[in-house]
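J.: The sequence shown begins at 13 in the working numbering and counts up one residue at a time. Idealized CB from N, CA, C, for every residue including glycine. Being a predicted model, the structure only gives us computed values, none of them experimental. Quick one: this structure, given as structure tokens, is what I'll be asking you about.
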Amino acid sequence: MRNGAEQRTTYGYDAFGRRSWKQDAFGVTTFVWDGNRLLSESRGGRSHLWIYEDDSFAPLAQISLGKGDTEHDAEVFWYHNDVSGMPRELTGAGGDIAWRAEYRAWGNTLRVEHTETRAGEPVYQPLRYQGQYFDTETGLHYNRFRYYDPDAGRFISQDPPGLAGGINLYQYAPNPLVWVDPLGLTRSRAGKQARLRALADDPKQPSHIRGWVKQDINMIAEGRRKTIRNPPGYDLAHWRGYESAKGFSYEYSEPQIREQHRAQHRYDNGGRKNKIRVSKKCKQGSADNEG
């Protein structure tokens, strides 16, 4: 029962636990996966295929085909995501906004605006937080291993790893703007690759760090690597008072010698002993202790 209407929907899963289809009174939706990322869905002769950013669950583009369409008839829409990777807008080939959404704090869809496709149907966009798919029939987000309730800001079932995933078995993340949980298993901090990439042109960084990052960027372009690595002997360390334990992303981090970083965290319990404060780096760009 949702919005006063009763509807029965059945879900099917493959041998890896990925949802492969769902069926209601009006038809069947089938899903195709690329590992743990949703690749495409088909329903009633219409299909949608998703392309993602490298090594990420943040969507980059959606390719939609109508019944009887060929690849030359495909409509391509480009994603414009917020800092967490959640879609805020879709634009068409001409740059016009085809779909736009506003959300509440924990991902509940507040308002959606959309244009129509060439077939006269509303532009379709079901992706939400990274790794999540919005089910209109329940209002829940399918999150690979679990279902997420955006009204409550929590999962509806316990964390499959149990207490190994933390004492709060239903928690999504400490801060949904800078943490993601694309599998419904383990939250992670967003933005590490983006922060590493930015180091390549950061004049405050020593030449050997800039050179290392540029080398990895070139190797990615040549297809020899998929991600940028930390420079040898360094960790990407959060600023003091902006530690990951407080929910801050890698936007608030700098390379730090690994031994120093680990010694600091032994002293401050992974940053938990430090108070949240405005770092001098935020205000002046001057040196400050990392955490």
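Which word fits alanine 131, buried or exposed, when buried means at least 16 other C-beta atoms lie within 10 angstroms of its C-beta?
T.: Taking the sequence shown and counting its residues from 1, the one referred to as residue 131 is at position 119. Per the 10 Å Cβ criterion, exposed.
J.: Rounded to whole angstroms, what's the CA-CA distance from aspartate 193 to glycine 47? Just pull it up for me.
T.: Locating residue 193 in the sequence shown gives position 181, counting from the first residue. Locating residue 47 in the sequence shown gives position 35, counting from the first residue. Aspartate 193 and glycine 47: Cα-Cα distance of roughly 16 Å.
J.: Between valine 135 and threonine 127, is the Cβ-Cβ spacing less than 8 Å?
T.: On the sequence shown, position 123 is the one that residue 135 refers to. On the sequence shown, position 115 is the one that residue 127 refers to. Yes; because the gap between Cβ atoms is below 8 Å, this pair is in contact.
J.: Between arginine 20 and threonine 41, is the Cβ-Cβ spacing less than 8 Å?
T.: Here residue 20 is taken as the residue at index 8 of the sequence shown, counted from 1. Here residue 41 is taken as the residue at index 29 of the sequence shown, counted from 1. Arginine 20 places its beta carbon 8 Å or farther from that of threonine 41.
J.: Let's test the definition: count the other Cβ atoms within 10 Å of the Cβ of arginine 123 and tell me whether it reaches 16, buried, or not, exposed.
T.: Stepping through the sequence shown from its first residue, residue 123 is reached at position 111. Flag for arginine 123 reads exposed.
J.: CB-CB under 7 Å to tyrosine 145, same chain, minus the five flanking residues each way: which ones, in chain order?
T.: On the sequence shown, residue 145 is found 133 positions in, with the first residue counted as 1. Hits under 7 Å: Leu50, Pro138, Leu139, His153 and Tyr154.
J.: With valine 225 and leucine 208 assumed to form a contact (beta carbons below 8 Å), what rounded beta-carbon distance in angstroms separates them?
T.: Here residue 225 is taken as the residue at index 213 of the sequence shown, counted from 1. Here residue 208 is taken as the residue at index 196 of the sequence shown, counted from 1. That pair is a contact at about 6 Å.
J.: Between which two residues does the alpha helix (DSSP H) harbouring isoleucine 240 extend?
T.: Along the sequence shown, read from residue 1 onward, the residue named residue 240 stands at position 228. First-last for isoleucine 240: undefined, no H or E at that position.
J.: In the structure shown, what three-state DSSP assignment does glycine 223 receive?
T.: In the sequence shown, the residue the question calls residue 223 occupies position 211. Here glycine 223 sits in helix by DSSP.
J.: Quick check on aspartate 26: does DSSP put it in helix, strand or coil?
T.: As a first step, residue 26 must be located in the sequence shown, where it is residue number 14. Coil at aspartate 26, not helix or strand.
J.: Reducing DSSP to helix, strand and coil, say where arginine 156 ends up.
T.: Indexing the sequence shown from 1 puts residue 156 at position 144. It is coil, neither helix nor strand.
J.: How many angstroms separate the CA atom of tyrosine 182 from the CA atom of alanine 164?
T.: For this step, residue 182 is matched to residue 170 along the sequence shown. For this step, residue 164 is matched to residue 152 along the sequence shown. The straight-line gap from Cα to Cα measures roughly 10 Å.
J.: Assign aspartate 36 to one of three DSSP states: helix, strand, or coil.
T.: On the sequence shown, residue 36 is found 24 positions in, with the first residue counted as 1. In this structure, DSSP gives aspartate 36 an extended state, which the three-state scheme calls strand.
J.: Buried or exposed for glutamate 125, going by 16 or more other Cβ atoms inside 10 Å?
T.: Within the sequence shown, the letter at position 113 stands for residue 125. With fewer than 16 other Cβ atoms within 10 Å, it is exposed.
J.: From glutamate 266 to asparagine 242, what distance separates their C-alpha atoms?
T.: On the sequence shown, residue 266 is found 254 positions in, with the first residue counted as 1. On the sequence shown, residue 242 is found 230 positions in, with the first residue counted as 1. Whole-angstrom Cα-Cα distance: 11 Å.
J.: Quick check: phenylalanine 167 and leucine 197, are their CB atoms within less than 8 Å of each other?
T.: Numbered from its first residue, the sequence shown carries residue 167 at position 155. Numbered from its first residue, the sequence shown carries residue 197 at position 185. Against a cut-off of 8 Å, the Cβ pair of leucine 197 and phenylalanine 167 comes out as no contact.
J.: Distance, Cα to Cα, asparagine 180 vs arginine 116?
T.: Along the sequence shown, read from residue 1 onward, the residue named residue 180 stands at position 168. Along the sequence shown, read from residue 1 onward, the residue named residue 116 stands at position 104. Those two C-alpha atoms are separated by around 22 Å.
J.: For the alpha helix (DSSP H) that arginine 49 lies in, which residues bound it at each end?
T.: Translated into the one-based positions of the sequence shown, residue 49 becomes position 37. Taken as a continuous stretch (DSSP letters only), arginine 49 belongs to no alpha helix (DSSP H), being part of the beta strand (DSSP E) at 49–55.
J.: By the 10 Å Cβ neighbour count, where 16 or more other Cβ atoms means buried, how is serine 96 classified, buried or exposed?
T.: For the purposes of this step, residue 96 is identified with residue 84 of the sequence shown, where counting begins at 1. By the neighbour-count rule (16 or more Cβ atoms within 10 Å), serine 96 is buried.
J.: Taking just the CA atoms, how far does aspartate 67 sit from tyrosine 91?
T.: Along the sequence shown, read from residue 1 onward, the residue named residue 91 stands at position 79. Along the sequence shown, read from residue 1 onward, the residue named residue 67 stands at position 55. Rounded to whole angstroms, tyrosine 91 to aspartate 67 spans 16 Å at the Cα level.
J.: Among Ile269, Trp62, Phe28 and Asp36, which residue has its Cα nearest to the Cα of threonine 150?
T.: On the sequence shown, residue 150 is found 138 positions in, with the first residue counted as 1. Of Ile269, Trp62, Phe28 and Asp36, the residue nearest in Cα terms is Asp36.
J.: Based on Cα-Cα distance, which residue from Glu263, Gly106 and Tyr64 lies nearest to lysine 204?
T.: Taking the first residue of the sequence shown as position 1, residue 204 is located at position 192. Comparing Cα-Cα distances from lysine 204 to each of Glu263, Gly106 and Tyr64, the minimum goes to Glu263.
J.: What separation, rounded to the nearest whole angstrom, lies between the Cα atoms of leucine 72 and proline 218?
T.: Within the sequence shown, the letter at position 60 stands for residue 72. Within the sequence shown, the letter at position 206 stands for residue 218. Whole-angstrom Cα-Cα distance: 33 Å.
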